[in-house]
Structures are given as C-alpha cells and as structure tokens.
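Here is the structure we will look at.
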Amino acid sequence: MNKYFADLHIHLGRTREGHPVKITASPTLTLQNVLHHAESEKGLNLIGIIDCHVPEVLTELEEMLEREEMIEHEEGGVYGSGLTILLGSELEIYDEYCHGPIHVLAFMPTLQKMHEFSAWLSERTKNITLSTQRLYEKGKVVQEKVKTLGGLFIPAHIFTPFKSLFGKGVQRSLTEVFDPTLIDAVELGLSSDTRMADTVKELHQYPFLTNSDAHSLGKIAREYNELFLKDRTFAEFEKALKKVEGRKIAHNYGLNPALGKYHHTVCEKCLHLWEEDGKGNCVFCGHHSFIKGVYERLQELSDSSESPVRPPYTHQVPLQFLPGIGPKTLEKLVAAFGSEMGILHHASEKELSQVVKPALADLILKARSGELDLVSGGGGKYGSVKK
1 MNKYFADLHI HLGRTREGHP VKITASPTLT LQNVLHHAES EKGLNLIGII DCHVPEVLTE
61 LEEMLEREEM IEHEEGGVYG SGLTILLGSE LEIYDEYCHG PIHVLAFMPT LQKMHEFSAW
121 LSERTKNITL STQRLYEKGK VVQEKVKTLG GLFIPAHIFT PFKSLFGKGV QRSLTEVFDP
181 TLIDAVELGL SSDTRMADTV KELHQYPFLT NSDAHSLGKI AREYNELFLK DRTFAEFEKA
241 LKKVEGRKIA HNYGLNPALG KYHHTVCEKC LHLWEEDGKG NCVFCGHHSF IKGVYERLQE
301 LSDSSESPVR PPYTHQVPLQ FLPGIGPKTL EKLVAAFGSE MGILHHASEK ELSQVVKPAL
361 ADLILKARSG ELDLVSGGGG KYGSVKK
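What follows is the structure, given as structure tokens:
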C-alpha cells in the first residue's frame with residue numbers, strides 16, 4: 001500500500017473565464033490555482049473539487065484531458081503526475097422532512113457520470129452554474145440517484161450550526177431524512193473530532209473524513225486525511241472507505257475543535273460565550289438569541305460512551321494559525337521542505353531551526369501534536385493560538 005494525503009472538500013471561486021462558482025469563495029480559487037497550490041504548496045496527492053457539476057468546470061476539465069495535461073484513470077478520477085482530482089458536487093437538501101438545510105457531498109467516478117448527474121441536477125435547481133444550490137428533491141431520491149451513477153454520498157460538516165445534518169437538519173437521527181444504508185462516510189467539520197462524534201451511536205457504522213471545506217487557497221489542507229491505497233483513484237478511495245484488503249483511512253488530521261468557528265454556544269450579537277440573565281437574554285448585551293455550538297449540540301445528541309476502533313485523530317494546528325508565520329515565512333519554509341506536508345510531517349527540530357527562529361520552530365513542533373494553548377471559537381469566529 002502507498003500513503004497519500006487527501007483533502008476532499010475544496011471549492012472553486014471562479015471559472016477560467018471569471019464567472020462565479022462558489023459565491024463566498026475567493027476569486028483566486030480557479031481550477032489551475034487549486035491544482036498548483038494543492039500539489040506544490042500543500043503536498044496533497046488526492047483532492048475533491050466539489051463544484052464539478054458546473055458545466056463550465058466540466059468543459060475546462062475535458063480540455064485539460066484533450067491537451068493531455070491529465071488523464072481520466074480507468075478506475076475513476078482525473079489523474080495527473082502527482083495529484084488526482086475526485087469529481088465532486090456539494091448540494092443543499094431541504095425537503096419536507098428536514099428541519100433546516102443540509103449540505104451533502106456527492107462524488108462521481110467519471111466525467112461522463114458527472115455530466116449525467118449535472119443534467120439531472122439542472123432539472124432540480126435554479127442555477128446549475130453555482131455551487132451548493134438548493135436542490136428541489138427529496139434526500140433519499142438524491143441518494144438513490146448518486147448510487148445509480150456509481151457515486152459516493154457523504155453528508156458534509158455534519159455538526160455545523162447552519163446547513164448541516166445535525167446542526168438543524170434533523171432533530172435526533174439521520175434516518176429522519178436519509179437512508180442510512182446509502183451513506184458512504186460522514187465529514188466531521190472543523191468544530192468536532194472523532195471522540196466527540198462517536199458519542200452519537202448511529203455514526204459508529206460510518207468512516208469519518210476530515211476535510212478543509214476551503215474557500216481560499218490558504219485554507220486548503222487545514223484538515224486532511226492520510227489514506228492507504230494501491231493507487232490514487234476513485235475505486236481505491238471507495239475501497240478505503242470500506243476497508244477492503246488493506247485500503248483504509250489511516251489517520252485523520254484536523255483542527256482542535258476549539259479552533260473551529262462554531263465550537264461553543266455564543267450570543268448572536270456580541271459573540272460572548274452564552275450566559276443567560278435568567279430571562280433568556282445575554283448577560284453581556286441583553287440580546288435574546290444565540291448560535292448553538294457544536295459542543296452543546298453534541299451534548300443533546302449524545303447516547304453512547306463506547307466507540308468503534310478508529311484511525312488516530314491528531315489535533316494539528318495549520319501553519320497559518322501560528323503567530324509569526326506570515327506569507328513570506330511560509331514561502332521560505334515551503335522552499336526549504338517542499339510543501340506544508342513536508343513541514344508538518346517530516347522536518348526535524350534541527351532542520352526547522354536552520355530556516356526560522358528556534359521559538360517558531362518550537363511552535364511548529366507543538367502544532368503537529370496539538371500541544372498549543374488555544375482560545376475557543378464560536379458564532380462564526382475562529383479560535384486562535386494564545387500568544
């Protein structure tokens with residue numbers, strides 16, 4: 001088996017022609033920029049671009065194949081010399097059974113299957129040229145269509161307060177909206193980790209994925225997975241989810257949940273940790289509404305003190321979170337060690353100290369293993385590393 005690093009939730013902000021794809025994503029997130037940054041700067045081997053249903057993106061991918069810049073692998077995926085694209089689509093489901101919108105990821109093995117899926121989606125959404133559009137179809141019907149096309153169905157950032165399965169989508173169980181037998185994995189999101197998610201018993205049957213949900217180039221690989229595969233293809237990834245003959249998710253790397261934007265419940269207005277004044281109002285500003293944090297939501301859902309055997313989950317602080325690492329310092333580190341994966345996984349303390357000051361080298365080593373002191377995030381504001 002070979003070891004590969006994979007981030008399977010990356011958005012495109014613009015097409016090659018400058019048309020918007022993910023409205024909230026940076027315009028620098030073009031296909032070419034993502035490919036270069038993911039491989040050369042981050043050191044990834046497998047990426048999921050989850051706006052591939054957009055017709056203009058499909059055209060650009062096909063033209064890359066025509067120019068022989070990449071090939072379509074016979075086992076699925078668009079395959080380059082050091083990087084494979086898994087063809088994905090992020091959708092928003094809000095059918096009659098949902099209590100709030102739910103984001104899901106659907107991956108297709110080939111461009112032809114994604115073309116078919118895109119055509120099917122275009123009859124059920126108002127604008128096929130944009131990412132994460134509301135889909136006017138039942139969740140279970142979407143699952144069945146994905147499976148008919150040989151695809152993978154993965155609920156996204158499942159505990160985020162807004163637009164997620166357990167955020168508001170269901171009251172207690174995923175079976176309220178989805179067929180549990182047609183889910184291939186779940187994506188944890190930035191404000192939870194394996195230990196937290198496994199307090200929900202019905203999730204024990206699914207593999208966990210840690211992905212970045214990147215809306216800018218710098219956010220790529222802020223969470224990622226280490227996979228053991230024979231090759232970096234769609235078919236091998238599917239086998240890893242099912243643990244077939246040694247293929248597997250070997251390691252999850254993610255933020256300490258305290259760094260996530262929605263870890264604790266905060267006042268909707270002033271963003272202080274929520275404390276009531278006895279009348280249902282914030283003690284700090286008097287506002288009456290709050291944004292429920294993932295930690296508190298999981299306390300409501302928790303029904304298990306046991307957990308299945310899981311891959312290790314390492315709380316790894318991204319380099320961009322570290323005080324003292326700006327663009328120039330990061331550029332110097334990448335030049336010295338080849339990629340961010342090289343910095344985070346391979347560079348020794350001695351080697352790091354030859355490139356940056358010893359104090360910063362020490363911070364990087366602590367970031368690898370989650371030993372830094374943190375300030376918790378919430379209400380849409382990221383946590384931070386204490387200076």
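Counting in the UniProt record's numbering, the sequence shown runs without a single skipped number right up to 387 at its last residue.
Built from N, CA and C at the ideal position, the CB exists for glycine as well.
For Cys52, is the classification buried or exposed, using 16 other Cβ atoms within 10 angstroms of its Cβ as the cut-off for buried? buried
CA-CA distance, His288 and Asn211? 34 Å
Specify the secondary structure class of Pro20 as computed by DSSP and reduced to three states. strand
Return the residue from the list Gly260, Gln316 and Lys269 that minimises the CA-CA distance to Leu372. Gln316
List the residues that DSSP assigns as beta-bridge partners of Tyr79. Ile71 and Thr84
Could you give the DSSP three-state label for Glu296: helix, strand or coil? helix
Measure how close the beta-carbons of Glu223 and Tyr262 come, nearest whole angstrom, since I'm counting them as under 8 Å. With 8 Å as the limit, Glu223 and Tyr262 do not qualify as a contact, their Cβ atoms being about 14 Å apart.
Compare the C-alpha of Leu298 against each of His115, Val21, Ala197 and His251 and name the closest. Ala197
Can you give, in chain order, each stretch of the beta strand (DSSP E) that sits fully within the segment 144-193 and has at least 3 residues? 152-155
Buried/exposed call for Val283, threshold 16 Cβ in 10 Å: exposed
Starting from the C-beta of Lys138, find all residues in its chain whose C-beta is less than 7 Å away, skip the five residues before and the five after it, and write them out in chain order. Asp95
Taking Glu217 as part of the alpha helix (DSSP H), name the residues at either end of that continuous run. The amino acid at residue 217 is misidentified as Glu; the sequence shows Leu. That residue, Leu217, is in no alpha helix (DSSP H); it is neither H nor E in DSSP.
Find out if the Cβ-Cβ distance for the pair Ala367, Leu322 is shorter than 8 Å. yes
Tell me where the alpha helix (DSSP H) around Ile128 begins and ends. Per DSSP, Ile128 belongs to no alpha helix (DSSP H) and is neither H nor E.
Host alpha helix (DSSP H) of Ser362 (start-end): Strictly speaking, residue 362 in this sequence is Asp, with Ser absent from that position. Looking at the DSSP string, the run of the alpha helix (DSSP H) that includes Asp362 is Pro358 to Ser369.
Can you grab the Cα-Cα spacing for the pair Ser111 / Gly80, in whole Å? Rather than Ser, the amino acid found at residue 111 in this sequence is Leu. The alpha-carbon atoms of Leu111 and Gly80 are separated by roughly 15 Å.
Classification of Ile23 by the beta-carbon crowding that lies within 10 angstroms, buried from 16 upward: exposed
Closest to Asp213 by CA distance: which of Thr15, Val34 and Ile291 is it? Val34
Extract the residue ranges of the beta strand (DSSP E) inside the segment 8-65, only unbroken runs of 3 or more that lie entirely within it. 46-49
Could you check whether Leu188 and Phe208 sit closer than 8 Å to each other, using their CB atoms as the reference points? yes
Candidates His345, Gly383, Phe107 and Val54, of which the one nearest Gly293 by Cα: Gly383
Short Cβ contact (8 Å threshold) for Leu83 with Leu121: no
Collapsed DSSP secondary structure at Ala336 in the structure displayed: helix
Tell me the rounded alpha-carbon separation between Leu301 and His264. 15 Å
In three-state terms, what does DSSP make of Lys381? strand
Taking the alpha carbon of Val186 as the reference point, which residue from Ile325, Phe162 and Ile154 has its own alpha carbon closest? Ile154
Report the CB separation of Ile93 from Leu135 in whole angstroms; it is logged as a contact under 8 Å. 6 Å
Starting from the C-beta of Glu69, find all residues in its chain whose C-beta is less than 8 Å away, skip the five residues before and the five after it, and write them out in chain order. Gly80
Can you find the residues in the same chain that come closer than 7 Å, C-beta to C-beta, to Ser376, ignoring five residues on each side of it along the sequence? Ala258, His263, His264 and Gly383
Just how far apart, CA to CA, sit Gly342 and Gly379? 33 Å
With 16 other Cβ atoms within 10 Å as the buried cut-off, status of Pro109: buried
Where Ala119 sits in the DSSP three-state scheme: helix
Measuring only the C-alpha atoms, how far is Glu63 from Glu90? 23 Å
To the nearest angstrom, report how far apart His251 and Glu202 are at their CA atoms. 21 Å
N- and C-terminal bounds of the alpha helix (DSSP H) containing Glu351: Glu349 to Ser353
Measure the alpha-carbon distance for Leu273 versus Gly151 and round it to whole angstroms. 41 Å
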